[in-house]
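Chemist: Here the sequence shown stands for residues 5 to 555, numbered as in the numbering used here. For every residue, glycine included, the Cβ atom is placed at its ideal position computed from N, Cα and C. Model, not experiment: these values are computed from the prediction. The structure's right below; bear with me while I get my questions together.
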Amino acid sequence: MRTLPYTARFRPFALLAVSASLALLPRADGAGPAPSAQTPDSKPADAAPAKPADDEPRGLRVNDPAATPGYTLLAPLNSKTLYLVDAKGEVAHTWVTQFAPGGVTRLLPNGHVLRAAQLPDPKRFHGGGIAGRIEELDWDGNVVWSYELATDERILHHDFDVLPNGHLVCIAWEYHSPDELRAHGRAPKFVHEEGLWTDVLIEVAPKRPSGGDIVWTWRSWDHLVQDLDPKAPDHGQLADHVGRIDLNADHRYMPPKESDEDREKREERERQMRGLGYVGGDDPDEADDAKHAHGGKDAPKDAPVKDTKDDGKNGTPPKPKPKDEIAADWLHTNAVHYLPAQDLLVVSTPHLCEIWVIDHSTTTAEAATESGGRWKHGGALLYRYGHARNYGRGDATSRKLFYQHNPTWLPATNANELRVLVYNNGSKRPGKEHSSVDELVLPFDPKQGFTRAADAAFGPAEPAWAYKDVEHFYSGFISGAQRLANGNTLVCEGAKGRVFEITRDGKIVWDYWSPLGGDIEPAKHGGKAPPKALFRAERIAPDHPGLAGRF
5 MRTLPYTARF
15 RPFALLAVSA
25 SLALLPRADG
35 AGPAPSAQTP
45 DSKPADAAPA
55 KPADDEPRGL
65 RVNDPAATPG
75 YTLLAPLNSK
85 TLYLVDAKGE
95 VAHTWVTQFA
105 PGGVTRLLPN
115 GHVLRAAQLP
125 DPKRFHGGGI
135 AGRIEELDWD
145 GNVVWSYELA
155 TDERILHHDF
165 DVLPNGHLVC
175 IAWEYHSPDE
185 LRAHGRAPKF
195 VHEEGLWTDV
205 LIEVAPKRPS
215 GGDIVWTWRS
225 WDHLVQDLDP
235 KAPDHGQLAD
245 HVGRIDLNAD
255 HRYMPPKESD
265 EDREKREERE
275 RQMRGLGYVG
285 GDDPDEADDA
295 KHAHGGKDAP
305 KDAPVKDTKD
315 DGKNGTPPKP
325 KPKDEIAADW
335 LHTNAVHYLP
345 AQDLLVVSTP
355 HLCEIWVIDH
365 STTTAEAATE
375 SGGRWKHGGA
385 LLYRYGHARN
395 YGRGDATSRK
405 LFYQHNPTWL
415 PATNANELRV
425 LVYNNGSKRP
435 GKEHSSVDEL
445 VLPFDPKQGF
455 TRAADAAFGP
465 AEPAWAYKDV
475 EHFYSGFISG
485 AQRLANGNTL
495 VCEGAKGRVF
505 EITRDGKIVW
515 DYWSPLGGDI
525 EPAKHGGKAP
535 PKALFRAERI
545 APDHPGLAGR
555 F
């Protein structure tokens with residue numbers, strides 16, 4: 005078993021989504037301040053009617069004395085400039101970079117920024133969150149280290165986290181050919197001509213001044229189950245293999261042909277999305293809001309909206325149409341976060357509407373099996389939450405997450421629990437689509453690991469705390485949330501470029517609509533996003549070591 009020093013580490017912040025709204029649920033365990041009583045549809049006094057993002061006045065709207073001091077780190081998707089914004093909404097510092105963002109940006113204790121960057125030639129891959137490069141810039145914007153992984157077989161995308169020993173855990177797509185998929189029990193009707201891009205986690209030990217060694221790997225491909233072909237590998241019943249991933253989960257419950265009413269709703273959403281600047285037939289993260297407008301309310305993944313004008317004349321070349329509108333990007337893993345004390349990783353797989361917990365204490369060999377490691381299950385999923393139907397322990401009503409982003413570990417209040425904060429985007433949520441920020445208490449035994457009743461889904465049944473406003477808070481894609489040291493929560497409404505801070509009882513104490521970004525055109529292989537869109541935002545405390553002597 006490989007162990008890592010459990011030293012204090014710089015915890016990344018989280019991200020959030022578009023239109024603003026509010027409602028609070030009581031904490032299930034009774035811990036912490038009691039939130040104010042509000043119905044899910046109640047409207048906060050300081051909330052304005054939702055408008056298209058481009059019509060909103062930009063800049064700082066609220067700066068209450070109760071706001072958490074510090075700076076906010078922003079990396080607009082449509083810009084090569086990174087920004088530190090102070091509490092007054094003024095730009096305090098910038099970094100000018102060579103590449104557009106490829107996902108997350110973090111401030112390090114030495115004052116450098118570490119960021120995912122989008123390479124111009126992504127080989128076979130395309131889509132939102134595509135990167136290929138991680139680079140470290142000093143305070144003056146000089147590149148002092150970089151690592152690239154962008155081949156026909158693998159490419160970095162979306163997110164990474166920094167371990168206490170300085171290594172990075174990164175997300176990458178891994179290519180599998182159509183023939184390989186058919187041989188492994190993928191339903192032939194849903195074998196895309198671009199193959200299938202499964203996700204891997206790699207741990208990179210940086211080498212200065214550039215490059216790094218991969219010292220650990222976990223592959224989702226090693227933990228499959230399929231029940232369609234008894235002669236193919238990994239055949240079995242889903243409910244008997246809770247720690248495995250259904251190779252056919254993305255299409256298993258595809259809805260029937262849409263009704264006239266659903267078609268009208270979808271077409272209206274498409275018009276709204278085009279009004280926000282969405283075009284093209286790719287399957288990018290920045291267009292997933294439109295993608296999830298298709299079909300019934302419980303499909304774990306649906307087709308991207310196809311713009312009939314996408315003939316190459318509008319700046320976005322047409323992409324091959326997936327068979328039955330299933331994309332090659334299988335899981336679209338968009339976040340990874342490390343918990344040192346238990347040596348665990350939480351990841352977000354929005355195409356399956358689940359978060360997973362994986363044992364990082366394994367060796368690479370153990371990670372390919374279901375034995376070994378601190379928690380005795382190798383690389384099998386130790387915990388999963390969001391859509392129990394994916395592992396045969398629920399039905400359409402069991403779904404809890406709706407195209408979620410940015411799960412992050414929170415401090416636990418006792419030894420028999422772990423806590424996670426997640427931005428629950430709300431795409432295809434029953435009723436009126438709306439986002440929420442959910443705090444989850446994970447059932448956990450410090451000796452045995454995660455607990456679950458026999459033949460039941462993993463808990464919790466409901467969040468311990470949640471923030472939502474059905475009428476005014478919704479972003480179906482990107483976005484995130486960060487729990488601050490004083491208990492407040494920073495929310496990033498990604499598509500609107502809005503960042504706001506709320507207290508435990510839901511009061512908005514800082515509200516900033518970013519005027520930054522929109523100075524570059526998105527790369528054709530990465531999809532399009534609204535001009536001021538943000539993947540995430542992070543509040544940096546005034547005493548952060550990276551800011552020492554800077555201001």
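#1: Pick out whichever of Gly93, Thr98, Glu198 and Arg186 has its Cα sitting closest to the Cα of Glu157.
#2: Inspect the CB distances between the stretch 427-447 and the stretch 385-405 and report whether three or more fall short of 8 Å.
#3: Suppose the cutoff is 8 Å on Cβ atoms and the five residues either side in sequence are ignored; what does the same chain contact list for Pro61 look like?
#4: For Ala49, which of helix, strand or coil comes out of DSSP?
#5: What's the gap between the Cα of Gly133 and the Cα of Ala154?
#6: Just how far apart, CA to CA, sit His409 and Gly390?
#7: With burial defined as no fewer than 16 other Cβ atoms inside 10 Å of the residue's Cβ, what is the status of Asp217: buried or exposed?
#8: Applying the criterion that 16 or more other CB atoms from any shown protein chain within 10 Å of the CB defines a buried residue, is Phe555 buried or exposed?
#9: Could you give the DSSP three-state label for Ala400: helix, strand or coil?
#10: To the nearest angstrom, how far is the alpha carbon of Leu444 from that of Glu505?
#11: Does the distance from the CB of Gly343 to the CB of Trp360 come in under 8 Å?
#12: Could you check whether Asn420 and Asp449 sit closer than 8 Å to each other, using their CB atoms as the reference points?
#13: Does DSSP put Tyr395 in a helix, in a strand, or in coil?
#14: Roughly how many angstroms lie between the CA atoms of Gly215 and Tyr151, to the nearest whole one?
#15: Go ahead and label Ser224 buried or exposed: buried means 16 or more other beta carbons lie within 10 angstroms of its beta carbon, across all protein chains shown.
#16: Could you have a look at Pro210 and say whether DSSP puts it in helix, strand or coil?
#17: With distances taken between CB atoms, is the gap from Val513 to Val66 smaller than 8 Å?
#18: So Val246 packs on Asp238, CB below 8 Å; how close in whole Å?
#19: In angstroms, rounded to a whole number, what distance separates the CA positions of Ala70 and Leu494?
#20: For the candidate residues Leu112, Val108, Pro126 and Phe129, whose alpha-carbon lies nearest to that of Ala120?
#21: Given a cut-off of 8 Å, decide if Gly430 and Tyr478 are closer than it, judged by their beta-carbon atoms.
#22: Return the first residue and the last residue of the alpha helix (DSSP H) that Glu184 is part of.
#23: Could you tell me which residues DSSP puts in a beta bridge with Ala565?
#24: From the DSSP output, in three-state form, read off Trp225 for me.
#25: When we look at the beta-carbon of Thr98 and count the other beta-carbons within 10 Å, is it buried (16 or more) or exposed?
#26: Within the 8 Å Cβ cut-off, does Asp266 reach chain B?
#27: Does Pro124 come out as helix, strand or coil in the three-state DSSP assignment?
#28: Can you tell me whether Gly63 is buried or exposed, with buried defined as 16 or more other CB within 10 angstroms of its CB?
#29: From Thr72 to Cys496, what distance separates their C-alpha atoms?
#30: Assign Pro354 to buried or exposed, taking buried as 16 or more other Cβ atoms, counted over all protein chains shown, within 10 Å of its Cβ.
#31: Less than 8 Å between the C-beta atoms of Ser483 and Gly463, yes or no?
#32: What are the start and end residues of the beta strand (DSSP E) that includes Arg423?
#33: Can we count Val351 as close to the ligand MG, meaning its CB is less than 7 Å from some heavy atom?
#34: Does DSSP classify Gly564 as helix, strand or coil?
#35: Taking C-alpha atoms, which residue in Pro168, Trp413 and Arg128 lies nearest to Ala209?
#36: For Thr417, count the other beta carbons within 10 Å of its own beta carbon; 16 or more makes it buried, fewer makes it exposed. Which is it?
Modeler: So, to answer that:
#1: Glu198
#2: yes
#3: Trp517
#4: Residue confidence is low: Ala49 scores 34 on pLDDT, short of 50, so the model does not pin down where it sits. Its coordinate-derived value is still stated next. DSSP places Ala49 in coil when its eight states are reduced to three.
#5: Gly133 and Ala154 have their C-alpha atoms some 13 Å from each other.
#6: 12 Å
#7: Residue burial is scored here from C-beta neighbours: Asp217 has fewer than 16 other C-beta atoms within 10 angstroms and is therefore classed as exposed.
#8: exposed
#9: DSSP places Ala400 in helix when its eight states are reduced to three.
#10: 19 Å
#11: First, the residue type needs correcting, since residue 343 is Leu and not Gly in the sequence shown. Taking the C-beta atoms as reference points, Trp360 is found no nearer than 8 Å to Leu343.
#12: yes
#13: helix
#14: 5 Å
#15: The residue in question, Ser224, is buried, as its Cβ has 16 or more Cβ neighbours within 10 Å.
#16: strand
#17: yes
#18: So it is not a contact: roughly 14 Å between Cβ atoms.
#19: 13 Å
#20: Val108
#21: yes
#22: From DSSP, the alpha helix (DSSP H) with Glu184 extends over Pro182 to Ala187.
#23: Outside the shown range of the chain (5 to 555) lies residue 565, about which nothing can therefore be said.
#24: helix
#25: exposed
#26: In the structure shown, chain B cannot be found, because there is only a single protein chain.
#27: In the structure shown, Pro124 sits in coil (DSSP, three-state: anything other than H, G, I, E or B).
#28: It is exposed - the Cβ of Gly63 has fewer than 16 other Cβ atoms within 10 Å.
#29: 15 Å
#30: buried
#31: no
#32: Glu421 to Asn428
#33: The model on display carries no ligand, and the ligand MG is accordingly not part of it.
#34: This structure cannot speak to residue 564, because the chain is shown only from 5 to 555.
#35: Closest by alpha carbon: Pro168.
#36: exposed
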